[in-house]
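A.B. asks: Please find one structure pasted underneath; my questions will follow.
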Amino acid sequence: AQKVTQAQTEISVVEKEDVTLDCVYETRDTTYYLFWYKQPPSGELVFLIRRNSFDEQNEISGRYSWNFQKSTSSFNFTITASQVVDSAVYFCALIRAYSGAGSYQLTFGKGTKLSVIP
Amino acid sequence: EPEVTQTPSHQVTQMGQEVILRCVPISNHLYFYWYRQILGQKVEFLVSFYNNEISEKSEIFDDQFSVERPDGSNFTLKIRSTKLEDSAMYFCASSVWAGEKSYEQYFGPGTRLTVT
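Same order as they appear, the protein sequences are chains A and B.
The numbers in the first sequence follow this note's numbering, run straight up by one, and end at 437.
The numbers in the second sequence follow this note's numbering, run straight up by one, and end at 151.
Listed below in C-alpha cells is the structure:
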C-alpha cells in the first residue's frame, strides 16, 4: 500500500520569509512518481511538479524548489521569499509507475495549509 | 492553455436523488479520472477510465456510482441515490495516453456537491 504523510497541517509565515513543506512517502514500488499540487482558496488543484523516483536531482523553478531524498523517502517543497499569493493548501502525491500504458491512481497526503501574512 | 472544465460548479440535491456531474477533459487526453475531497480532508481517488471502460476503481466507488463518456468530449459521474456523506468536492482529471507525461493529471476546478 502507498502512503503520503504531510505532518504539517498548517503553517503561517510572514511575507518574504522562506518556508519548507514536508512530505514523506511510503511505497513498495521501485519506480514511482511524486507530485506537488497547489489548491488555492478558489478550490482548484494546480499541478506544480512531477518527479521520477530515479531522478534525485533537486529542481528549482523561480521561487519554488524541491528536494527529493530517496534515502529518507522525502520530497520537500520550499518557497523562497513567500508572497501572499502563495497562500493555499499544498498537497504531495504519489503514483506507482507502470511499464506500459495503464491507469494511474494518485495517492494524496492530507495537505498543508500555508498562510502568508502580509 | 487547454484546461479541464466541470459543470456545474455547485450542485445542491436532496438525499436519494440522482446527480450527474459533467466534465470536459483536455482534448488530446485519453485517460480520465474522478476524485473527491470531503471538506477539509485529502483528495481521494474514485475511478479511472480509458478506452470507454473503467480501468481502476476504489472502494468508495460502489454500485451507486457510474461513469460514462457519452460523446467525444464529455465525461460524466453519476450518483444514483445520493447520501449525506456524498457531500464533497468532486474533481475530474485527465492525462495523455503514453509517455512520462501520462503520469501528470490535470484537474478541473471541481464541482461542490451538497446533499441535504
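Cβ coordinates follow ideal geometry from the N, Cα and C atoms, glycine included.
Since this is a predicted model, take the numbers as computed values, not measurements.
Strictly under 8 Å for the Cβ-Cβ distance: is residue 137 of chain B near chain A by that measure?
C.D. replies: Here residue 137 of chain B refers to the residue found at position 102 when the second sequence is read from its first residue. It does: the Cβ of residue 137 of chain B has a partner Cβ on chain A nearer than 8 Å.
A.B. asks: Determine, for residue 352 of chain A, whether the minimum Cβ-Cβ distance to residues of chain D falls below 8 Å.
C.D. replies: Looking at the structure shown, chain D is missing, and the protein chains on hand are A and B.
A.B. asks: Compare the C-beta of residue 37 of chain B against all C-beta atoms of chain A and say whether one is closer than 8 Å.
C.D. replies: Start at 1 with the first residue of the second sequence, and residue 37 of chain B comes out as number 2. Judged by the 8 Å Cβ criterion, residue 37 of chain B is not in contact with chain A.
A.B. asks: Against chain A, does residue 146 of chain B count as a neighbour if the rule is that its beta carbon must be under 8 Å from one of theirs?
C.D. replies: Residue numbering aside, residue 146 of chain B sits at position 111 when the second sequence is read from its first letter. Cβ-Cβ to chain A under 8 Å: no for residue 146 of chain B.
A.B. asks: Could you list which residues in chain B have their beta carbon closer than 7 Å to that of residue 430 of chain A, in chain order?
C.D. replies: Taking the first residue of the first sequence as 1, we reach residue 430 of chain A at position 111. Residues of chain B passing the Cβ test: 77.
A.B. asks: Rounded to whole angstroms, what is the Cα-Cα separation between residue 420 of chain A and residue 343 of chain A?
C.D. replies: Residue 420 of chain A sits at position 101 when you count from the first residue of the first sequence. Residue 343 of chain A sits at position 24 when you count from the first residue of the first sequence. With a pLDDT of only 49 at residue 420 of chain A, under 50, the local geometry of the prediction cannot be trusted, and the value read off the model is given with reservation. If you take the alpha carbons of residue 420 of chain A and residue 343 of chain A, they lie about 27 Å apart.
A.B. asks: Going by CA-CA distance only, name the one from A:400, A:354, A:392 that's closest to residue 378 of chain A.
C.D. replies: Locating residue 378 of chain A in the first sequence gives position 59, counting from the first residue. Nearest C-alpha to residue 378 of chain A: A:354.
A.B. asks: Alpha carbon to alpha carbon, how far is residue 146 of chain B from residue 46 of chain B?
C.D. replies: As a first step, residue 146 of chain B must be located in the second sequence, where it is residue number 111. As a first step, residue 46 of chain B must be located in the second sequence, where it is residue number 11. Distance between the alpha carbons of residue 146 of chain B and residue 46 of chain B: 7 Å.
A.B. asks: So, is the C-beta of residue 101 of chain B closer than 8 Å to a C-beta in chain A?
C.D. replies: Residue numbering aside, residue 101 of chain B sits at position 66 when the second sequence is read from its first letter. No, residue 101 of chain B lies away from the interface with chain A (no Cβ there is under 8 Å from its Cβ).
A.B. asks: Name the residue from A:436, A:396, A:338, A:329 whose alpha carbon lies nearest to the alpha carbon of residue 356 of chain A.
C.D. replies: For the purposes of this step, residue 356 of chain A is taken as residue 37 along the first sequence, with counting starting at 1. Checked all of A:436, A:396, A:338, A:329; the closest Cα to residue 356 of chain A is A:396.
A.B. asks: Among residues of its own chain, excluding the 5 on either side of residue 142 of chain B, which ones have a beta-carbon nearer than 8 Å to its beta-carbon?
C.D. replies: Working through the second sequence from its first residue, we reach residue 142 of chain B at position 107. So the qualifying residues of the chain are 39, 70, 126, 127, 128.
A.B. asks: Whose CA, out of B:95, B:65, B:112, lies closest to the CA of residue 103 of chain B?
C.D. replies: Mapped onto the second sequence, residue 103 of chain B falls at position 68. Nearest of B:95, B:65, B:112 to residue 103 of chain B, Cα basis: B:112.
A.B. asks: Residues in the same chain with beta-carbon distance under 6 Å from residue 386 of chain A, minus the five sequence neighbours each way, listed in chain order, please.
C.D. replies: By 1-based counting over the first sequence, the position of residue 386 of chain A is 67. Hits under 6 Å: 377, 395.
A.B. asks: CA-CA distance, residue 48 of chain B and residue 123 of chain B?
C.D. replies: As a working note, residue 48 of chain B is residue 13 in the second sequence. As a working note, residue 123 of chain B is residue 88 in the second sequence. For residue 48 of chain B and residue 123 of chain B, the distance between alpha carbons rounds to 12 Å.
A.B. asks: Which residue or residues does DSSP assign as beta-bridge partners of residue 340 of chain A?
C.D. replies: The count along the first sequence starts at 1 and reaches residue 340 of chain A at position 21. In the DSSP output, where bridge partners are listed per residue, residue 340 of chain A has A:396.
A.B. asks: Output, in sequence order along the chain, the residues in the stretch 365-380 of chain A whose CB is closer than 7 Å to any CB in chain B.
C.D. replies: Here the close residues are 366, 369.
A.B. asks: Using three-state DSSP, classify residue 150 of chain B as helix, strand or coil.
C.D. replies: Here residue 150 of chain B refers to the residue found at position 115 of the second sequence. It is a strand residue.
A.B. asks: Go ahead and pull the three-state DSSP assignment for residue 324 of chain A.
C.D. replies: Against the first sequence, residue 324 of chain A aligns to sequence position 5. In the structure shown, residue 324 of chain A sits in a strand (DSSP, three-state: E or B).
A.B. asks: Is there a Cβ from chain A that is less than 8 Å from the Cβ of residue 46 of chain B?
C.D. replies: Numbered from its first residue, the second sequence carries residue 46 of chain B at position 11. By this cut-off, residue 46 of chain B is not an interface position.
A.B. asks: Would you verify that the beta carbon of residue 396 of chain A is, or is not, closer than 8 Å to some beta carbon of chain B?
C.D. replies: In the first sequence, counting from the first residue as 1, residue 396 of chain A sits at position 77. Output row for residue 396 of chain A: interface = no.
A.B. asks: What does residue 124 of chain B reach in chain A if we use C-beta pairs closer than 7 Å?
C.D. replies: Translated into the one-based positions of the second sequence, residue 124 of chain B becomes position 89. Those are 362, listed as they occur along chain A.
A.B. asks: Name the DSSP bridge partner or partners of residue 355 of chain A?
C.D. replies: Here residue 355 of chain A corresponds to residue number 36 of the first sequence, with the count starting at 1. Residue 355 of chain A pairs with A:368, A:411.
A.B. asks: Any heavy atom of the ligand MG closer than 7 Å to the CB of residue 139 of chain B?
C.D. replies: Absent from the structure shown: the ligand MG. Ligands present: none.
A.B. asks: Distance check for residue 82 of chain B and residue 430 of chain A, CA to CA, integer angstroms please.
C.D. replies: For the purposes of this step, residue 430 of chain A is taken as the residue at position 111 of the first sequence. For the purposes of this step, residue 82 of chain B is taken as the residue at position 47 of the second sequence. Cα-Cα distance, rounded: 21 Å.
A.B. asks: Name the two residues that bound the continuous beta strand (DSSP E) containing residue 128 of chain B.
C.D. replies: Taking the first residue of the second sequence as position 1, residue 128 of chain B is located at position 93. 123-130 is the span of the beta strand (DSSP E), which, as asked, contains residue 128 of chain B.
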